[in-house]
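In this note's numbering, the protein residues as written are 452 to 609. Structure first, then comments.
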Amino acid sequence: IEAASLRLEAWRIIRLENHQCYIQPEKERNTAVSEDTDLLDTEAHDGDDVPQSGYSELLFFDFECRQENGNHEPNLCVVQNEAGDEWVFEGDNTKNEFCEWLFTKEHVNCIVLAHNFQGYDGYFIQQYLHENGVIPEVIPEVIPWCQDPNVKCSNVQD
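The structure is reproduced here in structure tokens:
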């Protein structure tokens with residue numbers, strides 16, 4: 452018996468009354484996570500303040516996490532821009548505070564980089580977007596000035 456046949460047979464014995472499906476129903480897409488913030492406001496994408504280079508600021512960030520309960524939970528996020536200005540988010544609500552700060556009109560045209568975005572730091576951003584019903588557009592191209600084919604980009608659309 453082939454492996455594909457065995458997998459097909461396994462699907463037949465699932466008892467649907469006890470099945471806990473992890474595929475979530477499609478949610479209505481949010482354009483604003485909170486009424487208190489201008490997060491992902493459609494007016495923020497007009498491009499009026501975009502410099503000729505295509506971005507307004509380059510931000511670098513890194514999450515540090517604790518794992519006391521077996522899950523990686525961010526408890527520190529440090530952000531720096533090209534000028535060396537620094538923002539620090541810390542505590543139990545680090546992920547949400549950082550993302551609420553990041554996804555505002557002020558940062559719409561920023562390029563945001565993390566040391567390990569694809570393998571670690573990016574998961575917390577994706578988790579935040581998922582929790583808030585925001586669907587990012589994945590940009591498969593490599594950043595032009597970066598020679599690493601593993602670098603992935605994403606763009607949050609309204």
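Every residue, glycine too, gets a C-beta built ideally from N, C-alpha and C.
Residue i, enclosing alpha helix (DSSP H) - first and last residue
| i | result |
| --- | --- |
| Q582 | Contrary to the premise, residue 582 reads as Glu rather than Gln in this sequence. It spans G573 to E582 - the alpha helix (DSSP H) in which E582 sits, taken as one unbroken run. |
Where residue i falls, given that 16 or more other Cβ within 10 Å makes a residue buried
| i | result |
| --- | --- |
| A534 | exposed |
| P563 | Note that residue 563 is Val in the sequence shown, not Pro. So V563 ends up on the buried side. |
| V585 | buried |
| V559 | buried |
| Y506 | exposed |
| V539 | exposed |
| V589 | exposed |
| F568 | buried |
| F512 | buried |
| V484 | For V484, the predicted model reports a pLDDT of 49, less than 50, meaning its position is unreliable and no value from the coordinates is stated. |
For residue i, three-class secondary structure by DSSP
| i | result |
| --- | --- |
| N532 | strand |
| N547 | helix |
| E611 | Summary: the structure shown does not reach residue 611, with the chain confined to residues 452 through 609, and so no result is reported for it. |
| I452 | In this prediction, I452 has a pLDDT of 46, which is less than 50 and means its spatial position is unreliable; what the coordinates show is noted afterwards. Here I452 sits in coil by DSSP. |
| V484 | Bear in mind that a pLDDT of 49 at V484, under 50, signals an unreliable position, so the model cannot answer this. |
Residue range of the unbroken beta strand (DSSP E) whose run includes residue i
| i | result |
| --- | --- |
| E407 | What the structure shows of the chain is the stretch from 452 to 609, and residue 407 is not part of that stretch, so it cannot be assessed. |
| F514 | E508 to R517 |
Practice problem: Report yes or no: do the segment 513-525 and the segment 566-577 share at least 3 C-beta pairs separated by less than 8 Å? | Solution: yes
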